[in-house]
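In our numbering, the protein residues as written are 53 to 394. Ideal placement from N, C-alpha and C gives every residue a C-beta, glycine not left out. Notes to accompany the following structure.
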Amino acid sequence: MPLVSMRQLLDEAAKGGYGVGAFNVNNLEQVQAIMEAARETNSPAIIQASRGARKYANDRFLYHLMQAATEVYSEIPVALHQDHGNSPETCRSAIELGFTSVMMDGSLMEDAKTPADFAYNVRVTHHVVEMAHGRGVTVEGELGTLGGIEDDVGSGEIHLTDPDQAVEFVERTGVDALAVAIGTSHGAYKFTKEPDRELLAMSIIEEINQRLPTAHLVMHGSSSVPKELVDLLNRYGGEIRPTWGVPVREIQEGIKHGVRKVNVDTDLRLAATGAIRKAFAEDPGEFDPRYYLKPAREAMKKVVKARMEAFGQAGHAGDYEPISLEEMVRRYKEEGHLLTTT
Ligand code: 13P
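This is the structure:
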């Protein structure tokens, strides 16, 4: 099947009361690991690429990797999402390339570093909604900012989402999904101790969900940074400092309160690097890249499978017929998000 609208995946997730992991990719092995995990668990899938990933892999390679994924795993509904678009132009180029979903991260200015004000965020996000919905493409917006800097994205400061502003933001922009800031950060160093309800403000999700019960909420920075992955990496020469991620049980709580998309990147990076370090240490005489890339792909698949099962998306790949982007255009027009610009 062709790439599917992310909005459809999230609407179905809302109906089924589950969340969908959105996993970042830069290369072939990551795409294969995620798609294989989706097949083995019969899960719908969201694959996302940051601007850094598009640059690293090259847009055309990325596009064709995803085409191959839809051919080889034709039974799996999969959406291709632009992670942290820094401008309408980045989102436009992703749409031209065939992405079925884009994030306009107007919480930061175009430099992807300076926190933006609410008026700017509403303006650019609404602009992207008009452009994307006219092509049947989903839009995720972000209100509040995450901690950490990853792929050159982030102010490094956490600004928690204000639930009152969230209501106004969703109404004024018409976004399909809203990323909220609840104290998480991108990368491996999220918390210096196991997060409690003060560090990880799950109450913000609960409050927004009460006020916007039909909104699809997105948790960024949701890697769990499992101790066993960090330990393995360190056992074979890695130097990851003691750190805590977002516990899976907290994500599951979020899913009970409207979280439909859960962004995970770091856990795959840790899994792959640990497996590669182990392979290098065990046979320093080996120099066939397949010798270390295969266990890296296996390790990523294992993480993705575990998340797909924990988020509840496992078993749901065949629940629905994918609808075309043309049909999405029609639905958006009915909803009132008319195309005014292209
Ligand atoms: P992690 O760094 O926690 O995996 O978060 C990834 C993310 O939010 C991508 O947008």
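Return the chain-ordered list of same chain residues with a C-beta closer than 6 Å to the C-beta of residue i, the five sequence neighbours on each side being excluded.
i      : result
Gly367 : Asn94
Met271 : Gly306, Val311, Val314
Leu423 : Residue numbering for the chain in the displayed model covers 53 to 394; residue 423 lies beyond these limits and cannot be assessed.
Glu202 : His238, Gly239
Met380 : Ser57, Gly188
Ala131 : Val56, Met58, Leu61, Ile98, Thr152, Ser153
Val282 : Ile292
Lys165 : Ser207
Ile375 : Gln60
Pro336 : none
Glu384 : It is worth fixing the name first, because residue 384 is Tyr in this sequence and not Glu. Excluding residues within five positions, the ones whose Cβ falls inside 6 Å are His185.
Lys330 : Tyr288
Thr190 : Ser57, Met58, Arg59, Ser153, Asp228
Phe221 : Leu195
Closer than 7 Å by C-beta to residue i: which residues in its own chain qualify, once you throw out the five before and the five after it? Chain order, please.
i      : result
Pro54  : Thr122
Arg106 : Leu114
Ala253 : Leu212, Ile234, Gly235
Thr266 : none
Leu117 : Leu80, Val83
Ile328 : Tyr344, Ala348
Lys279 : none
Ala351 : Ala323, Ala324, Gly326, Ala327
Ala168 : Gly158, Ser159, Leu160, Met161
Tyr70  : Ile307, Phe363, Gly364, Gln365, His368
Under DSSP, the beta strand (DSSP E) around residue i begins and ends at which residues?
i      : result
Asp135 : 130-137
Arg312 : 311-316
Ser153 : 153-156
Please state whether the Cβ-Cβ distance between residue i and residue j is less than 9 Å.
i      : j      : result
Leu353 : Ala85  : The amino acid occupying residue 353 in the given sequence is Lys; Leu does not appear at that position. Yes, they are a contact pair.
Val232 : Ile210 : no
Ile99  : Val124 : no
Arg224 : Met183 : no
Ser159 : Asn173 : yes
Gln217 : Phe170 : yes
Val205 : Arg103 : yes
Leu342 : Glu88  : Note on residue identity: the sequence assigns Arg, not Leu, to residue 342. The answer is no: Cβ separation not under 9 Å.
Val176 : Ser139 : yes
Asp317 : Arg359 : no
Leu322 : Leu285 : yes
Asp157 : His179 : no
Ile128 : Ala101 : no
Leu264 : Val219 : yes
Gly193 : Met155 : yes
Gly388 : Ala333 : no
Val77  : Pro96  : no
Glu92  : Lys357 : yes
Following the continuous alpha helix (DSSP H) through residue i, name the residue where it begins and the one where it ends.
i      : result
Arg106 : 103-109
Val56  : Careful: Val56 lies outside any alpha helix (DSSP H) and carries neither H nor E.
Gly306 : 300-308
Met183 : 170-185
Ala362 : 341-363
Ser145 : 140-149
Val189 : Neither: Val189 is in no alpha helix (DSSP H) and is coded neither H nor E.
Ile257 : 254-263
Arg381 : Here residue 381 is Val; the residue named in the question, Arg, does not match the sequence. Its alpha helix (DSSP H) spans residues 377-387.
From the DSSP output, read off the bridge partner residues of residue i.
i      : result
Val205 : Glu202
Met232 : Before going further, note that residue 232 is Val rather than Met in the sequence given. The partner list for Val232 (beta bridge, DSSP) reads Leu195, Met271.
Leu160 : Pro167
Asn76  : Gln100
Phe29  : Since the first and last residues shown for the chain are 53 and 394, residue 29 lies out of range.
His211 : Thr197
Ser95  : Paired residue(s): none; Ser95 is not in a bridge.
Ser276 : Answer by DSSP bridge pairing: none, since Ser276 is not bridged.
Ser237 : Gly199
Can you give me the Cβ contacts of residue i inside the same chain, cut-off strictly under 8 Å, excluding the 5 residues immediately before and after it?
i      : result
Asp214 : Leu195, Gly196
Gly68  : Gly364, His368, Asp371
Discussion item. Can you confirm whether the region 100-119 touches the region 134-154 when touching is taken to mean that 3 or more C-beta pairs between the two stretches lie within less than 8 Å?
Written reply: yes
Worksheet item: Using 8 Å as the threshold, is the region 220-233 in touch with the region 56-73, meaning 3 or more CB pairs across them?
Response: yes
Discussion item. Pairs of beta-carbons, one from the region 195-203 and one from the region 275-290, closer than 8 Å: are there three or more?
Written reply: no
Fill in: Contact between the region 295-302 and the region 240-254 (3+ Cβ pairs under 8 Å)
yes
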